[in-house]
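So the sequence lines, in the order shown, correspond to chains C and X. Just so we're aligned, residue -12 is where the first sequence starts under the numbering used here, counting upward by one. Just so we're aligned, residue 3 is where the second sequence starts under the numbering used here, counting upward by one. Virtual Cβ for every residue (Gly too), placed ideally from N, Cα, C. Contents: one structure, followed by commentary.
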Amino acid sequence: MRRLACLIVALVGLPFVSIGIAGPLPEYAMKAAFVYNFTLFTEWPTLPNNTLKICTLESDALKHELEKFRIHQPHGATLLISKISNIEAIKDCQALYLSEEDKQRIPVILSLLENTPVLTITDVPELMGKGVMIGIKTDNKRIVFEVNTLAAKKSNLYLSSKLLSLAKVVY
Amino acid sequence: MLLQDLKIGNKLLLINLIAASISMMMLVICIAIIAFHSNRTNLIHDLNAEAHILSENLTASLAFNDTKSAQTLLEALRWSPHIKQVVILDNQGILFSKYPSDSTLTLNEADTLSSYLSSVSIQQPIKIGKQEVGRIQMNATLDHVYSQLQKFLLLTMFSMLLAGILGAFMIRRLQKYLTKPIIGLTKSMRLVSSTDNYALRFNLESKDELGELATGFNTMLSTIQSHEAELDSELALRMQAENRLQQLAYYDEVTKLPNRHHFNERMAKVVASSLENKVLCCIMVIDLDDFKIVNDTLGHHIGDDLLYAVGERLSHDLRVEDILCRIGGDEFALILDNLPSMKHAQHVAQKIIRLMALPFILEDREVFIGASIGISFCPNDATSIPVLLRNADTAMYNAKKLGKNYCQMYLPEMEAKNIRRFALESALHRALDNKELFLHYQPQIDINTNQVTGFEALLRWNNPELGLISPVDFIPLAEDIGLIIPIGEFVLYQACLKSQQWRERYQIDTAMSVNLSGRQLIQTNIVERIISIVNSTSLPSHLVTIELTESILMDHSKETLSKLEKLSASGFTISIDDFGTGYSSMSYLKRYPIDILKIDRSFVSDLPDDANDVAITQAIIALGKNLGMKLVAEGVETEAQLAFLKMHHCDTAQGYLHSRPIPANEAEHYLIALSEAKHDVAIEKNLI
């Protein structure tokens, strides 16, 4: 079923994953689309080698869904999806997805990323107050998000006002 | 058409205004179209810009499928007055959001003219970076454009009105240069036609077509003026001619008195009023005695002068209301109106006769004439003009017959005589052809030898109906109607022919006397005619005696003299008949080649007892002798007369004593006797 939905998206051939219109998508597919879309409304100081790398740590499911966006070029850069095994390597990412499985390593990760322009995204509600920049949650069957502008500012990232205007909560 | 009734100024104004309005209207329409189009284009630009802004703001909403935020964004469009509808589609073409939220969906309206005029529609993709995430369609009304256009048009209308008023004012001022001369021309033309004064001229300074028009008018006026002048002079000439004709029609050229035509008109009035008022009026016909002789002998110009003088003399003593006219050759008519009595008219007539008896001085010559007057009274004699006139004429003829210088009132018994005159006249016309005329001959006897020396040919007329008619009756008639010329020639021919016959038969030369009328002598070729007639009978001219009356010689003209001299030179003997009765002087006797004087019978008849006649006869004989003329006594009836004449050496006697006028065969006896006597004498001579 998930495959079929992905196929439909692929078949439509649109560069953008539309949300919630082509029927109810599986949770990860929707989250992947959100993640991708966040990158669109975020500005980095520089994009090294003109690449935009979205990284995951443990969540293979999401990585799999993100792979589908590889054909796009957000901000005109080449989109890279990568799963990080060496924790040090997260500094080279532009966006990092943190899942339930990464909860234990959060303090390390956040300290590593302090003052580094990496957009952090999570779907774990507890992590929001700990310095992750964007939090996704499901609210009444719809996916909503919260934004921590202070964290983003600290990391020298600029989040579009359009994004902020849509956020459920802004810190 | 309405324009036709307008004056030129208003016409021009109207035309200008209409033309200006139409062109301005076209301009306004063009501007309106352009304005509409540009406003619409501007609106499209604005819409595009707004769509850009909107789509930029909508990207996040689309990206995160947040229709609520999109709706919030779209609600802000209510501040935009012209936007009617906005539709947002996602990248799969599914409706994402719309404005107003309760509107029904209209997409991509058909691109028709009505849609072009009523609304504007644009479509744009919504992009994030280069990624299209949806589409936006905006529909806007053109109400705003139209309201702008309306304002513009109102303003333009107002401006046009203002411009029209200003333009009309300016045209009014400027067109004076055009209409003023036209109005001037019109005024002048009106003046010309109302006053008929073609001497007027247009004074126009402009050199354009109007100037030419004015010049043309002036030329035309000059032409009319000259034509009018010609017409006037022609009319004046015609008036003169008419007056002249009037003068000729109603007045006599010679006497300047009213003519017969005028007379008839006046007479009609007088008779009418006389009948109405029962008063007496009369018409008098005055005929001049011996006028014919004056005319024939002294010439027509003297005759005319005489008529004029008579007219003057007559009118001099008339009352103002009396009307004198000349109604014929020597006939005058006098109308006397309102007469107290018939006697009064007679007094007037007597006075006229006395006046006419006085001599007229014409070209230093005394001319004597007389007047015979006939009077007819109205209403006593007649009441119609022709009858009155005829009666007066009849009375006048009677007066003439009674001798001259007489006045006669009309009497009904005169008619009979008058009828006889007409009968005579018509019979006389046929007398020559009917061979009713013949000659008698009266012998002329030498008083000394008592032998016949010649004969006088005397005309006789025997008409089968009227009988034997006296020459005293028909000779004056023949003279009046001009028959005397052929009759005179007949007499001359017959007499000469007879004389030649006798001459051949008896071998005796006797003279033949023939009377020549004054009318005959006037003929220019009379001498040639006499010679040719006498020659045709072979009688030598020295045996022909031409007898003329004394009155013929009153004319002292060269023509008469030369005619008589020619006759004399041709061998004719010239004799003066009835000598002593005329009025003229004796001086002509010396001038004319006269051979014989015939003493008038009136002097002879009372010889030798009447002392006067004796004296006159003696004087005539003495005069004739002194001038070398022979003397013939007429009307010798007694021996005593003959003795007296013989005693006073008169040459020849003619009269009843010897013989009355006799037919040719009787006259021959005298010749036979003469011939025998001659024979006897010859024998006697032979015997001796």
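Review point. Would you call residue 118 of chain X buried or exposed, if buried means 16 or more other Cβ atoms sit within 10 Å of its Cβ?
Key: exposed
So is residue 157 of chain C in contact with chain X if we call contact Cβ pairs under 9 Å? no
Can you pull the chain X residues whose beta carbon is under 8 Å from the beta carbon of residue 153 of chain C, in chain order?
62, 63, 66, 68, 71
In chain order, what residues of the same chain lie with their CB nearer than 7 Å to the CB of residue 566 of chain X, ignoring the 5 residues before and after it?
-> 576, 594, 595
So is residue 59 of chain C buried or exposed if we call it buried at 16+ other beta carbons inside 10 Å? buried
**Asked** Comparing alpha-carbon positions, which option in X:500, X:555, X:384 lies nearest residue 542 of chain X?
**Response** X:500
Evaluate residue 248 of chain X with the Cβ neighbour count: other Cβ atoms within 10 Å of its Cβ, from every protein chain shown; 16 or more gives buried, anything less gives exposed. exposed
#### Entry: Counterpart residues of residue 89 of chain C in DSSP-defined beta bridges
Answer by DSSP bridge pairing: none, since residue 89 of chain C is not bridged.
Per-residue DSSP class, three states only, for residue 152 of chain X:
helix
Using only alpha-carbon positions, find the residue among X:487, X:552, X:398, X:406 that is nearest to residue 417 of chain X.
X:398
Per DSSP, cross-strand counterpart(s) of residue 133 of chain C | C:122, C:156
Q) If we call anything under 9 Å between Cβ atoms a contact, is residue 548 of chain X one with residue 519 of chain X? A) no
- Selected residue, minimal CA-CA separation from residue 184 of chain X, among X:204, X:603, X:285, X:267: X:204
- Message: Mapping the DSSP letters down to three states, classify residue 583 of chain X as helix, strand or coil.
- Response: coil
Item to check | Limits of the unbroken alpha helix (DSSP H) element including residue 307 of chain X | outcome: 302 to 318
Problem set entry | Where the segment 126 to 141 of chain X meets chain C: residues whose CB sits under 8 Å from a CB there | 130, 131, 132, 133, 134, 135
Check: If the cut is a Cβ gap below 9 Å, which residues of chain X does residue 150 of chain C touch?
Finding: 62, 65, 66
- List the DSSP bridge partners of residue 463 of chain X. X:439, X:471
| task | Please name the residue, chosen from X:364, X:562, X:68, X:9, that lies closest to residue 299 of chain X on a Cα-to-Cα basis. | result | X:562
Which partner residues of residue 260 of chain X appear in the DSSP bridge assignment? X:253
**Prompt:** For chain X, is any of its Cβ atoms less than 9 Å away from the one on residue 81 of chain C?
**Reply:** no
Could you give the residue range of the beta strand (DSSP E) that holds residue 334 of chain X? 333 to 341
ask   = Quick one: which chain X residues come within Cβ less than 9 Å of residue 61 of chain C?
value = 130, 131, 133
Tell me the residue span of the alpha helix (DSSP H) that contains residue 398 of chain X. 387 to 403
**Asked** Which chain X residues are close to residue 24 of chain C, counting only those with a beta carbon under 7 Å from its beta carbon?
**Response** 65, 66
Next item on the list: Just confirm the distance between the C-beta atoms of residue 53 of chain X and residue 124 of chain X, as a whole number of angstroms; I'd bet it's less than 8 Å.
Entry: 6 Å
Checklist entry - Taking the C-alpha atoms as reference points, what is the distance between residue 482 of chain X and residue 683 of chain X? => result 50 Å
Can you tell me the Cβ-Cβ gap for residue 369 of chain X and residue 308 of chain X, rounded? I've got them flagged as a contact below 8 Å.
-> 6 Å
- Query: Where are the alpha helix (DSSP H) runs, 4 residues long or more, that stay fully inside the segment 73 to 140 of chain X, in chain order?
  - Reply: 115 to 120
* Asked: Of all the CB atoms in chain X, is at least one closer than 9 Å to the CB of residue 85 of chain C?
  -> no
### Query
For residue 49 of chain C versus residue 77 of chain C, is the C-beta distance shorter than 9 Å?
no
message: I'd like to know whether the C-beta atoms of residue 485 of chain X and residue 479 of chain X end up nearer to each other than 9 Å.
response: yes
Minimum Cβ-Cβ distance from residue 27 of chain C to chain X less than 9 Å = yes
inquiry  = Which residue wins for smallest C-alpha separation from residue 405 of chain X, given the options X:292, X:31, X:321?
reply    = X:292
Practice problem: Please look up how many angstroms separate the CB atoms of residue 24 of chain C and residue 72 of chain X, rounded, as I've assumed it's under 8 Å. | Solution: That pair is no contact at about 15 Å.
**Where residue 554 of chain X sits in the DSSP three-state scheme** = helix
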